[in-house]
Structures are given as structure tokens and as C-alpha cells.
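Taking it in order: structure first as C-alpha cells, then the write-up.
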Amino acid sequence: MRRVHIAASESYDVLIDRGLLPRVGEESAQLMKPGKAVIVSEEKIFALYGAVLEQSLQQAGFTVFRFFHNGGEASKCLAVYGELQRFLCAHHFSRSDVIFALGGGVTGDLAGFAAATYQRGIAFVQIPTTLLAAVDSSVGGKTAVNLPEAKNQVGCFYQPKAVFCDMNTLQTLSEAEYRCGCAEVIKYGVLGDGAFFSMLEKTHIRQQEENVIARCVEMKRDIVQEDEFDTGKRRLLNLGHTIGHGVEQCSGYGITHGDAVAIGMAAVMQGAARRGICAKEDYARLAAVLQMYGLPTTCDYPAEALFDACMADKKIGGGKLHLVVPRAIGDCAILPLELNELRGWLT
Ligand code: GLY
Numbered sequence: 402m403r404r405v406h407i408a409a410s411e412s413y414d415v416l417i418d419r420g421l422l423p424r425v426g427e428e429s430a431q432l433m434k435p436g437k438a439v440i441v442s443e444e445k446i447f448a449l450y451g452a453v454l455e456q457s458l459q460q461a462g463f464t465v466f467r468f469f470h471n472g473g474e475a476s477k478c479l480a481v482y483g484e485l486q487r488f489l490c491a492h493h494f495s496r497s498d499v500i501f502a503l504g505g506g507v508t509g510d511l512a513g514f515a516a517a518t519y520q521r522g523i524a525f526v527q528i529p530t531t532l533l534a535a536v537d538s539s540v541g542g543k544t545a546v547n548l549p550e551a552k553n554q555v556g557c558f559y560q561p562k563a564v565f566c567d568m569n570t571l572q573t574l575s576e577a578e579y580r581c582g583c584a585e586v587i588k589y590g591v592l593g594d595g596a597f598f599s600m601l602e603k604t605h606i607r608q609q610e611e612n613v614i615a616r617c618v619e620m621k622r623d624i625v626q627e628d629e630f631d632t633g634k635r636r637l638l639n640l641g642h643t644i645g646h647g648v649e650q651c652s653g654y655g656i657t658h659g660d661a662v663a664i665g666m667a668a669v670m671q672g673a674a675r676r677g678i679c680a681k682e683d684y685a686r687l688a689a690v691l692q693m694y695g696l697p698t699t700c701d702y703p704a705e706a707l708f709d710a711c712m713a714d715k716k717i718g719g720g721k722l723h724l725v726v727p728r729a730i731g732d733c734a735i736l737p738l739e740l741n742e743l744r745g746w747l748t
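In the working numbering, the protein residues as written are 402 to 748.
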């Protein structure tokens, strides 16, 4: 088992282990007095892992409730958020009770935002069941729901009491879902650890999940501890996302987040290589590793359509954007750009 301690405004541990789920109850009971607990999940995820979690929590003394949403970005909305708040109220949840988020990023973001705001804040625990959530969204305290106008528009920073990552839950992911997580894992290698990137080139992530997840969480921890509220260094985590969001938008969200981030990373590193910011060999290594994990490196959308789609990202405001640009594998910089200058990176 690996334990990564996060010392943000609230401190907590991320536990990473195969077969951890049956121990979540006893681990949680060490962090809080067992009271009411609601498991927020999708029915299909709960069908796989809910019974084990529920039993573990009950054995530790929690009284367990269930709240299901339909899954997908559409569930991360004000209406479902409101239903969850009213569910907590109807079952007389108080500030000494707790929410367990069992699932991927949608579940974690929705449950986290509900926890942050119900009675001005109750405890919540993240139990990521996707590789993407394990290495990214479950750690660092970003919670939010979407508006019809744009994603993640209503939310706040609110750290969980703990994150329990059981790698056994990754076994039921589809190839496409797993690949999505691989793109984010590769991102960490490019961002800050050349030796880790080399490890991903040599051995498939599936063969080294515990080490891979722990290293990604450590890298995210180092960034979050320095810039929890996303005003500077945390922007590094957006490597591949500025152009990636444009790709997702152009495809009408038909291209998955992971595939879009892969295309975004490849585009920005190719642009960096053309400008002499990084070596051409580094771009070639990135393209090769993305291909090794079945991820795309290009898309067919015209540059102008991609530019317009990138501009639709509500995070880009104030006439400037921050593009994360690799200087080498394991070393990236944040480059402030005028909006128009992004066009040059899209061809
Ligand atoms: N997912 C990016 C962040 O946590 O800042």
C-alpha cells in the first residue's frame, strides 16, 4: 500500500492499494466518528463495488444511505446537485455526517460540491474508480457542477477527508476509459519527471498501477501544496488542455477528454519543437508513447475552427491565456500569450 500525505488548507491522506475497498470503513472510522454516510454513485458503478463498500461502512458503525445519478457530464448539473442537497436534508444529515463519492470525476465533483455547501460544509471522502479520477480529479479539492453555458462554472475548492484508491476497481474500465487516464498519466511525465516518462515508455501502466498512481498523486500534491487555489503553478496541470478543450468542443464532445488531451499535448510539443523551445527528439518520444497507449496525436479540424472552439472555453478570459509549453520531457513552462497568438500553435 502507498500513502501520500497532502498538506493543503486541510490535510489528508491518499491511500492507494489493491483490495482497499473492504477496509474503507475501518480507515474512515479512524478519521471521524461513524454517523450517517451517503454513498453517491451511478447505479452501474454501485452494482460493481457498492455492496463491499456499504458492508465495510456498516461494520465500522456508519448508517449507510445511497444516492444515484445517471452518470455523464449531464448529471454534473444544478438540478442533480439540488436533488442531492434535498436528499441530505430529507434524511436529516448534519455536519457530523459524511458523503462518500464512489466513481469517476463526475461523481467526485458533484458530491464534493454538495459536501462543501450542505450546511456550509460536511465531510466527504473520494473513492475514485477510474484511472483519470485516481490521478487527477480526486486529489486537490476542485469541486463543481456545470451550467448549460459552460463546464465547472459553479464550484469551490474543498478538500476531502481522505482519498481511497483501490486499483481493483480499474479492472472493469473499458479500453477507452482506461486510455483516458493514460493520457493524464503521460501528462505528468512530460510536466515534471523525465525518469517517470521513461518508465511509461518501457512498461505499460497496467503493469505498474500502484507506482504510477502514487507518483502522479505526489506530483499533483507538490503543485497543489504550492498553489492550492490555482493562481499560478497549478496551471501547469493544464498541459494539453487548452487545445484539448478546443478539440473536445469541435467534436461536440464525441472525442473523449483523454484523446483530446493527447492531441493537445502533441500539438503544443510539436509547436515547441518547431520554435526550438524543446528538442525534436522529445516531441518524437511523446508522439511514440501516445501511440503506444493507443492515443491519437492529431485531428482533422481546421485551425480556425479549433481556435474558435478554444476561445469558447470560459477559462480563457481577460485577453490573455496561459499555454503550458514543454521545454523538455519533464520540464514545462507557463507561457502567457495574447489570444491571437494561439493560432500559431494550431497549425
Ligand atoms: N485538474 C486540474 C487541477 O486539479 O487543477
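Even glycine gets a Cβ: it sits at the ideal position worked out from N, Cα and C. Quantities reported herein were computed from a predicted structural model and do not represent experimental measurements.
Grab me the residues of residue i's own chain with a C-beta within less than 8 Å of its C-beta, minus the 5 sequence neighbours each way, in chain order.
i: residue 420; result: 567, 569
i: residue 522; result: 496, 516, 559
i: residue 607; result: 579
i: residue 740; result: 712, 717, 720, 721, 722
Rounded to a whole number of angstroms, what is the C-alpha to C-alpha distance between residue i and residue j?
i: residue 618; j: residue 661; result: 22 Å
i: residue 445; j: residue 409; result: 33 Å
i: residue 466; j: residue 706; result: 46 Å
i: residue 437; j: residue 443; result: 20 Å
i: residue 579; j: residue 504; result: 14 Å
i: residue 447; j: residue 470; result: 11 Å
i: residue 542; j: residue 486; result: 19 Å
i: residue 609; j: residue 490; result: 43 Å
i: residue 644; j: residue 666; result: 8 Å
i: residue 575; j: residue 581; result: 10 Å
i: residue 428; j: residue 511; result: 23 Å
i: residue 493; j: residue 509; result: 22 Å
i: residue 657; j: residue 418; result: 27 Å
i: residue 527; j: residue 747; result: 36 Å
i: residue 674; j: residue 549; result: 37 Å
i: residue 703; j: residue 676; result: 21 Å
i: residue 742; j: residue 413; result: 40 Å
i: residue 404; j: residue 422; result: 15 Å
i: residue 588; j: residue 498; result: 36 Å
i: residue 708; j: residue 519; result: 39 Å
i: residue 737; j: residue 632; result: 13 Å
Within a Cβ cutoff of 6 Å, which residues of the same chain sit near residue i, ignoring the five residues on either side of it in sequence?
i: residue 426; result: 457, 458, 460, 461
i: residue 782; result: In this structure the chain extends from 402 to 748, so residue 782 is not present and cannot be described.
i: residue 670; result: 684, 687, 727
i: residue 342; result: The structure shown does not extend to residue 342, since the chain is modelled only from 402 to 748, so the question has no answer here.
i: residue 602; result: 690
i: residue 435; result: 461, 462, 463
i: residue 583; result: 606, 694
Would you decide whether residue i is buried or exposed? Buried here means 16 or more other CB atoms lie within 10 Å of its CB.
i: residue 722; result: buried
i: residue 531; result: buried
i: residue 585; result: buried
i: residue 539; result: buried
i: residue 513; result: buried
i: residue 547; result: buried
i: residue 455; result: buried
i: residue 620; result: buried
i: residue 594; result: buried
i: residue 343; result: Nothing in the structure corresponds to residue 343, since the chain is present only between 402 and 748.
i: residue 592; result: buried
i: residue 479; result: exposed
i: residue 551; result: exposed
i: residue 451; result: buried
Which same chain residues end up closer than 7 Å to residue i when comparing Cβ atoms and leaving out the 5 residues on each side of it in sequence?
i: residue 678; result: 726, 728
i: residue 449; result: 573
i: residue 432; result: 562, 563
i: residue 630; result: 558
i: residue 634; result: 624, 627, 628
i: residue 343; result: Given a span of 402 to 748 for the chain in the structure shown, any question on residue 343 remains unanswerable.
Quiz item: Which ranges would you report for the beta strand (DSSP E) in the segment 476-557 if only whole runs of at least 3 residues count?
Solution: 499-504, 524-529, 543-546
Practice problem: Tell me, please, whether the segment 605-617 touches the segment 639-652 by the rule of three or more beta-carbon pairs shorter than 8 Å. | Solution: no
Practice problem: Kindly confirm or deny that the segment 595-606 and the segment 684-692 touch, where touching means at least three C-beta pairs closer than 8 Å. | Solution: yes
Exercise. Kindly confirm or deny that the segment 673-682 and the segment 646-657 touch, where touching means at least three C-beta pairs closer than 8 Å.
Key: no
Quiz prompt | Any alpha helix (DSSP H) of 4 or more consecutive residues that is wholly inside the segment 619-670 | solution = Fully enclosed alpha helix (DSSP H) runs of 4 or longer: 642-651.
Exercise. Run through the segment 681-740 for me and flag every whole beta strand (DSSP E) of 3 or more residues, listed as ranges in chain order.
Key: 721-729, 732-739
Quiz prompt | 3-residue-minimum beta strand (DSSP E) runs that sit fully inside the segment 422-484, ordered along the chain | solution = 437-443, 464-470
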